[in-house]
Amino acid sequence: MTLLLLGVVLLVAQPQLVPSHPAVPGPDSRQQELLRKVGTLQEDTREGAAANGSTKQLPQTIIIGVRKGGTRALLEMLSLHPDVAAAENEVHFFDWEEHYSQGLGWYLTQMPFSSPNQLTVEKTPAYFTSPKVPERIHSMNPAIRLLLILRDPSERVLSDYTQVLYNHLQKHKPYPPIEDLLVRDGRLNMDYKALNRSLYHAHMLNWLRFFPLGHIHIVDGDRLIRDPFPEIQKVERFLKLSPQINASNFYFNKTKGFYCLRDSGKDRCLHESKGRAHPQVDPKLLDKLHEYFHEPNKKFFELVGRTFDWH
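According to mature numbering (1 follows the signal peptide of the UniProt record, and there is no 0), the residues represented by the sequence shown are -20 to -1, 1 to 291, in order.
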């Protein structure tokens, strides 16, 4: 009896371990209930599974961004791998409150059917720049592997503008020239959202509060455009996939001006909205953009321990 009491005293007297990284709040009772419902829903999908035994699974990998960085091209190329099942549409679960409030059970319904040996992937480019998303994804799965594809920040701003411009033109709505949005009172307009989305350093700091750098693979979007195969090989290794994608899966389409895919003898290219020509911009304005991003880019390179061929 004396030995038992001594053991209890020693156990109580043990110092509490201090976490080596900032503590992340665990799931509350509501989130625990959602997780329980997810388990139930997964059982339901198994009951209604396809003949090959496929079911719906929460993603083990998410392409978190960045907008106009090449996320669609990355997803299409990754889908060449037989062990990848990709959600077709951008789900916007973690960044849209009306979706997130419906819980992980709803999120699961947005996933594709997959076999037990397949990796489920979804992509929503807005995740990278949404402040609440890193913690929310961490609460779902702290071991998840994340893919981030980045381009030269100045080029990304121009692509961002081009997409919005064409969206307006298709709806027969007017849209101002890029100079009117980028410049205010002779200086760059800091309120222009496209500029903020290209400040990779600031957004990456938020992600590293919840995930170690080793859980985030950065894809060079500029290189993916010029020579996609080596970049996809790196993604395969990061996701621990067997090397199944080959150089023969890619061919350069001279008409479109970018690489297209060849899968099981069938050729397919990205939608016509991809690869649009950027508007002509005054060289002096481009110089302002390059100068503006110089310091943030330098900080980003130091943060991730890697440099990119950006202006």
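Heads up, the beta-carbon is just placed ideally off N, CA and C, and yes, glycines get one too.
Practice problem: Could you tell me whether the Cβ atoms of residue 334 and residue 155 are closer together than 7 Å? | Solution: This structure cannot settle anything about residue 334, because the visible part of the chain is limited to -20 through 291.
Quiz item: Are the stretch 116 to 123 and the stretch 237 to 250 touching by the rule of at least three beta carbon pairs closer than 8 Å?
Solution: no
Quiz prompt | Distance between residue 84 and residue 92 (C-alpha atoms, nearest Å) | solution = In the sequence shown, the residue the question calls residue 92 occupies position 112. In the sequence shown, the residue the question calls residue 84 occupies position 104. Computed Cα separation, rounded: 15 Å.
Quiz prompt | residue 295, enclosing beta strand (DSSP E) - first and last residue | solution = Because residue 295 is not part of the residues shown, which for the chain are -20 to 291, the question remains open.
Self-check item: Separation of residue 226 from residue 186, as counted between CA atoms
Solution: As a first step, residue 186 must be located in the sequence shown, where it is residue number 206. As a first step, residue 226 must be located in the sequence shown, where it is residue number 246. Their Cα atoms are separated by approximately 35 Å.
Quiz item: Any idea if residue 183 is buried or exposed, counting beta-carbon neighbours within 10 angstroms, 16 or more meaning buried?
Solution: Residue numbering aside, residue 183 sits at position 203 when the sequence shown is read from its first letter. Answer is buried; the Cβ neighbour count reaches 16.
Quiz item: Do the stretch 223 to 238 and the stretch 207 to 214 make contact, defined as three or more Cβ pairs closer than 8 Å?
Solution: yes
Exercise. Drop a sphere of 10 angstroms on the beta-carbon of residue 292, count the other beta-carbons inside from all chains shown, and report buried for 16 or more, exposed for fewer.
Key: Outside the modelled stretch of the chain, which goes from -20 to 291, sits residue 292, for which no answer is possible.
Quiz prompt | Supposed contact pair residue 137 and residue 221 - C-beta distance, whole angstroms, cut 8 Å | solution = Residue mapping note: residue 221 aligns to position 241 of the sequence shown, counting from 1. Residue mapping note: residue 137 aligns to position 157 of the sequence shown, counting from 1. Not confirmed; about 33 Å, so no contact.
Quiz item: Going by beta carbon distance, what residues of the same chain come within less than 7 Å of residue 131, once the five residues before and after it are set aside?
Solution: Your numbering for residue 131 matches position 151 in the sequence shown. Here the set comprises 49, 50, 201 and 202.
Quiz item: beta strand (DSSP E) containing residue 65: first to last residue?
Solution: Sequence index remark: in the sequence shown, residue 65 carries index 85 (1-based). 64 to 66 is the extent of the beta strand (DSSP E) around residue 65.
Quiz prompt | Coil, strand or helix - residue 243 by DSSP | solution = As a position in the sequence shown, residue 243 is number 263, starting the count at 1. Reduced to three states, the DSSP call for residue 243 is strand.
Quiz prompt | Candidates 35, 66 and 42: closest to residue 116 by CA position | solution = The count along the sequence shown starts at 1 and reaches residue 116 at position 136. Of the candidates 35, 66 and 42, the one whose C-alpha sits nearest the C-alpha of residue 116 is 42.
Quiz prompt | Reduced DSSP category for residue 205 - H, G, I as helix; E, B as strand; rest coil | solution = Counted from its first residue, the sequence shown places residue 205 at position 225. Residue 205: helix per DSSP, three-state reduction.
Quiz item: In the structure shown, what three-state DSSP assignment does residue 153 receive?
Solution: Indexing the sequence shown from 1 puts residue 153 at position 173. Residue 153: coil per DSSP, three-state reduction.
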